[in-house]
DNA sequence: CATTCAGCGTTAGGCATCTTAACTAACAAA
DNA sequence: TTTGTTAGTTAAGATGCCTAACGCTGAATG
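Protein chains in written order, with full-length UniProt numbering: chain A, 1 to 391; chain B, 1 to 391.
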């Protein structure tokens with residue numbers, strides 16, 4: 001085999017790695033620093049094969065030695081981690097109030113991060129958000145150090161649905177993020193819905209750690225679900241899987257269901273309207289937002305507790321619907337309102353009454369969930385790119 | 001490598017086939033009779049590799065020559081198909097009114113089939129059905145011919161949910177099918193929910209042929225959904241995915257949802273109750289069952305059309321719910337009532353109003369869908385068994 | 001301090017599974 | 001009969017893994 005030579009005469013990344021070398025690279029990325037015997041045991045590879053794999057990866061700068069580890073007995077083993085040649089990724093959460101950005105190596109060592117607060121809350125994906133993304137990415141690119149290696153992938157979490165290749169990207173508004181922002185050329189771009197990203201993060205680092213099958217349901221200003229089945233994110237035919245905010249409502253004999261009513265009914269705006277309309281005069285001033293409502297409920301305020309409980313029951317009915325359709329076994333509740341553990345008892349009671357048994361947990365990751373999820377997806381793409389498995 | 005010898009000295013199936021031989025075997029099973037160049041082109045294998053693979057399979061009797069095929073030019077090629085050594089499968093649809101049974105080779109050549117009508121309709125999985133299955137399987141086993149080869153798998157479609165390994169098989173009632181029936185020992189048994197089986201059949205032979213992502217929704221006495229996402233049947237954590245008959249209902253502000261009400265409301269029994277209660281005196285005698293109702297509607301009977309239309313709208317609302325949750329892109333309607341094309345216009349209109357765009361089609365397979373689906377699943381298991389990939 | 005032993009890493013050799021290249025075989029059309 | 005095309009076989013080689021055996025390096029031991 002002959003190497004393809006670039007103009008400057010430097011051999012371009014051959015990317016003709018053996019299967020074992022690829023597996024070792026992925027293991028190092030996902031499990032962190034490890035010794036050869038550790039990786040070999042996990043992957044079932046012999047010591048000679050490990051030697052060859054590490055040699056291949058070291059030649060490309062994909063891994064580097066970082067020290068020695070002494071077991072209780074015998075010679076100590078060399079410890080490796082992902083090297084500078086493997087490069088880095090940029091992950092961006094293009095949210096409606098903040099743009100969160102992380103730059104990391106493929107084994108998730110943080111190189112740079114920044115949170116930018118939008119001057120005005122945006123209610124849909126628009127050019128304002130696109131401009132903010134452009135600015136934050138430019139700032140990150142300006143920070144780049146030589147030892148970061150090449151930028152392998154840029155992940156962006158967007159609040160729209162995202163269609164796969166061949167889908168109608170116009171209808172989904174997913175490309176609005178690019179109106180004022182042009183990603184660096186030659187870099188793989190990963191676009192994913194923000195709720196799906198949060199679900200990914202909960203799976204790897206949060207309340208669903210290690211779970212292959214679960215649903216992540218976000219309840220805040222908007223309602224959405226990220227569905228993980230058998231370790232695979234479910235996107236549906238046109239990226240609309242989990243758009244439960246668009247569920248029709250009400251469903252009852254003789255009543256005419258309306259599209260999207262669930263979001264309007266369960267979203268925090270309409271909740272607060274009902275709270276204010278039905279707040280006892282002797283219960284002090286009504287809460288200004290859901291955080292205050294939850295705070296009052298936690299402190300024992302009866303009116304707040306009543307509203308939280310009623311809303312939890314409504315949420316439970318929607319969760320039960322999702323559970324009946326896909327039987328995820330585990331539901332993680334997230335979002336500004338949904339992540340509150342105050343909801344758990346009533347949601348659990350409602351779901352188990354209306355549907356099959358499902359465990360209900362509160363999110364553990366808070367506002368970082370989305371950016372951590374898109375980081376993970378960008379890293380997965382970057383690994384494929386570095387290993388020449390794009391095609 | 002040494003062959004493990006059986007007591008009679010005949011070499012036991014070594015089952016140490018090369019990857020290419022396994023791929024060739026699967027291709028022959030799913031694509032039917034083919035020549036070596038055809039298979040090689042599909043799998044991207046060279047001619048020497050094809051030679052070796054065919055030789056391996058022929059030695060085991062897994063494939064056999066069936067003739068020569070002449071192209072427009074050049075030497076003619078030998079055509080092969082699955083051979084007797086590959087064996088056969090038994091597929092059983094343990095339904096509430098009939099037990100349908102098919103015996104087939106792994107490339108779906110029908111060896112024997114029988115439909116047994118239960119004396120009395122059964123409303124749940126019970127010993128009566130189990131006895132019928134036992135009888136029908138015994139009859140099939142009695143018919144077995146030497147040239148059928150070994151029985152590799154027995155598939156049974158049951159009207160209960162089916163939990164995976166490690167699930168609570170007691171709670172699902174799936175094992176009731178074995179109360180009066182003991183499957184032949186040493187044969188792989190495949191148990192699957194009947195609606196899921198019908199979905200599999202629609203995917204390979206019916207209205208969803210070639211589709212990787214769709215939902216099959218069955219509307220008859222009971223309501224159920226089979227979900228296919230990315231070519232994988234979705235079973236959920238405890239086999240309850242698609243149990244939309246258990247959806248809670250009604251969902252409306254101030255109303256208390258009840259578990260399982262969707263089935264009671266959308267099932268054909270309650271439909272006919274409403275039809276009879278609301279049948280004009282001048283419209284002739286009311287229909288006795290849904291088949292008559294559909295017949296009258298097709299003939300232009302206004303009362304029948306009104307009821308069909310209203311029920312189609314209700315079905316559309318449930319379909320829209322499923323579409324909003326998983327975005328299958330395509331929904332196939334099946335079952336005694338659901339398969340009628342009369343429903344299509346109103347279901348389409350309702351779904352597209354309440355949810356994302358989804359294509360709606362009527363089932364093409366009728367009552368055979370379930371047994372064809374379990375046959376396919378049994379064949380897939382049989383292929384793995386024959387290739388020694390069980391573990 | 002020398003010995004022993006466990007575990008790490010390398011070298012040598014082998015095997016399984018694929019490939020390409022080159023050949024023979026069989027057929028239709030010229 | 002010749003020619004070109006396709007089917008199938010044989011030979012040789014590339015790849016990617018393995019096991020076996022041996023040297024290296026540490027801690028524990030006498």
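The beta carbon of each residue, even a glycine, is placed where N, CA and C say it ideally should be.
Since the structure is predicted, the reported quantities are computational estimates derived from the model, not experimental observations.
Three Cβ pairs or more, each shorter than 8 Å: is that satisfied between the region 214–234 of chain B and the region 295–305 of chain A? Under the 8 Å Cβ criterion, the region 214–234 of chain B does not count as touching the region 295–305 of chain A, having fewer than three qualifying pairs.
To the nearest angstrom, how far is it from the Cα of residue 191 of chain B to the Cα of residue 155 of chain B? For the purposes of this step, residue 191 of chain B is identified with residue 191 of the second chain, where counting begins at 1. For the purposes of this step, residue 155 of chain B is identified with residue 155 of the second chain, where counting begins at 1. Going from the Cα of residue 191 of chain B to the Cα of residue 155 of chain B covers about 6 Å.
From the DSSP output, read off the bridge partner residues of residue 63 of chain B. Along the second chain, one-based indexing puts residue 63 of chain B at 63. Bridge partners of residue 63 of chain B: B:82.
Mind pulling the chain A residues with CB within less than 9 Å of residue 332 of chain B? As a position in the second chain, residue 332 of chain B is number 332, starting the count at 1. The premise fails here: residue 332 of chain B is roughly 14 Å from chain A at the closest Cβ pair, so nothing lies under 9 Å.
Who are the near neighbours of residue 50 of chain A in its chain, counting only those whose CB is closer than 6 Å to its CB and skipping five residues on each side? Numbered from its first residue, the first chain carries residue 50 of chain A at position 50. Excluding positions up to five away in sequence, the list reads 36, 40.
Whose C-beta lies closer than 7 Å to the C-beta of residue 69 of chain A among residues of the same chain, with five residues either side of it excluded? As a first step, residue 69 of chain A is located in the first chain; it is residue number 69 there, counting from the start. Excluding positions up to five away in sequence, the list reads 35, 76, 77, 79.
Residue 93 of chain B - DSSP class collapsed to helix/strand/coil: Stepping through the second chain from its first residue, residue 93 of chain B is reached at position 93. The answer is strand: DSSP assigns residue 93 of chain B an E or B state.
Secondary structure at residue 108 of chain B, three-state DSSP: helix, strand or coil? Along the second chain, one-based indexing puts residue 108 of chain B at 108. The answer is coil: DSSP assigns residue 108 of chain B none of H, G, I, E or B.
Name the two residues that bound the continuous beta strand (DSSP E) containing residue 340 of chain A. Locating residue 340 of chain A in the first chain gives position 340, counting from the first residue. Element bounds for residue 340 of chain A: n/a, residue is neither H nor E.
Check whether the Cβ of residue 129 of chain A lies closer than 9 Å to any Cβ atom in chain B. Taking the first chain and counting its residues from 1, one reaches residue 129 of chain A at position 129. So no, residue 129 of chain A is outside the interface.
Secondary structure of residue 144 of chain B, DSSP reduced to three states: Working through the second chain from its first residue, we reach residue 144 of chain B at position 144. In this structure, residue 144 of chain B counts as coil in the three-state DSSP scheme.
Near-chain B residues of the region 352–369 of chain A - C-beta to any C-beta below 7 Å: 353, 354, 355, 356
Does DSSP put residue 225 of chain A in a helix, in a strand, or in coil? Here residue 225 of chain A refers to the residue found at position 225 when the first chain is read from its first residue. It is a strand residue.
Beta-carbon proximity list for residue 67 of chain A, same chain, < 7 Å, skipping 5 on both sides: Indexing the first chain from 1 puts residue 67 of chain A at position 67. So the list reads 79, once near-sequence residues are dropped.
Closest by CA to residue 392 of chain A, which one among A:107, A:245, A:185, A:110? Any property of residue 392 of chain A remains undetermined from this structure, which presents chain A solely from 1 to 391.
Of the residues that make up the region 231–245 of chain A, which ones have a beta carbon closer than 8 Å to any beta carbon in chain B? 232, 234, 235, 236, 237, 238, 239, 240, 241, 242, 243, 244
Can you list, in chain order, the residues of its chain whose CB lies under 7 Å from that of residue 342 of chain A, leaving out five sequence neighbours each side? Walking along the first chain from the start, residue 342 of chain A turns up at place 342. These residues qualify, in order along the chain: 294, 297, 298, 308.
Is the shortest distance between the beta-carbon of residue 197 of chain A and the beta-carbons of chain B less than 9 Å? Taking the first chain and counting its residues from 1, one reaches residue 197 of chain A at position 197. Closer than 9 Å: no.
For the alpha helix (DSSP H) containing residue 275 of chain A, name the first residue and the last one. Counting from one through the first chain, the residue named residue 275 of chain A turns up at place 275. Counting along the chain, the alpha helix (DSSP H) containing residue 275 of chain A begins and ends at 268–277.
Through-space distance from residue 361 of chain A to residue 17 of chain A, alpha-carbon basis: Here residue 17 of chain A corresponds to residue number 17 of the first chain, with the count starting at 1. Here residue 361 of chain A corresponds to residue number 361 of the first chain, with the count starting at 1. Cα to Cα, residue 17 of chain A sits roughly 42 Å from residue 361 of chain A.
As assigned by DSSP and simplified to three states, the class of residue 2 of chain B: Translated into positions along the second chain, residue 2 of chain B becomes position 2. With a pLDDT of 27 at residue 2 of chain B, under the threshold of 50, the predicted position of this residue should be treated as unreliable, and no value is reported.
Does any CB atom of chain A fall closer than 9 Å to the CB of residue 347 of chain B? Taking the second chain and counting its residues from 1, the one referred to as residue 347 of chain B is at position 347. Chain A contact via Cβ: absent.
Going by C-alpha to C-alpha distance, which of A:347, A:366, A:339 sits closest to residue 357 of chain A? On the first chain, position 357 is the one that residue 357 of chain A refers to. It is A:347 whose Cα lies nearest to the Cα of residue 357 of chain A.
Give the single residue among B:252, B:104, B:38, B:207 whose Cα lies nearest to the Cα of residue 87 of chain B. For the purposes of this step, residue 87 of chain B is taken as the residue at position 87 of the second chain. Closest option to residue 87 of chain B, Cα to Cα, is B:104.
What would DSSP say about residue 75 of chain A, mapped onto helix, strand or coil? As a position in the first chain, residue 75 of chain A is number 75, starting the count at 1. Coil at residue 75 of chain A, not helix or strand.
Can you give me, in chain order, the residues of the region 305–335 of chain A that have a beta carbon less than 7 Å from any beta carbon in chain B? Hits within the stretch, in order: 317, 320, 321, 322, 324, 325, 326, 327, 328, 329.
Distance, Cα to Cα, residue 210 of chain B vs residue 268 of chain A? As a position in the second chain, residue 210 of chain B is number 210, starting the count at 1. As a position in the first chain, residue 268 of chain A is number 268, starting the count at 1. Rounded to the nearest angstrom, the two C-alpha atoms are 42 Å apart.
Listed from N- to C-terminal order along the chain, which residues in the UniProt domain "HTH marR-type" (17–64) of chain B have their beta-carbon within a distance smaller than 9 Å of any beta-carbon of chain A? Answer in chain order: no residues at all.
Please confirm whether residue 271 of chain A has its beta-carbon closer than 9 Å to some beta-carbon of chain B. Working through the first chain from its first residue, we reach residue 271 of chain A at position 271. False, the Cβ-Cβ gap to chain B never drops below 9 Å.
Just to confirm the assignment, what range does the beta strand (DSSP E) spanning residue 154 of chain B have? Here residue 154 of chain B refers to the residue found at position 154 when the second chain is read from its first residue. Start and end: 151–158.
For residue 351 of chain B, count the other beta carbons within 10 Å of its own beta carbon; 16 or more makes it buried, fewer makes it exposed. Which is it? By one-based count along the second chain, residue 351 of chain B stands at place 351. With 16 or more other Cβ atoms from the protein chains shown falling within 10 Å of its own Cβ, residue 351 of chain B counts as buried.
Whole-angstrom Cβ separation of residue 364 of chain A and residue 206 of chain A, contact assumed at under 8 Å? For the purposes of this step, residue 364 of chain A is taken as residue 364 along the first chain, with counting starting at 1. For the purposes of this step, residue 206 of chain A is taken as residue 206 along the first chain, with counting starting at 1. Contact flag correct, Cβ pair sits at about 5 Å.
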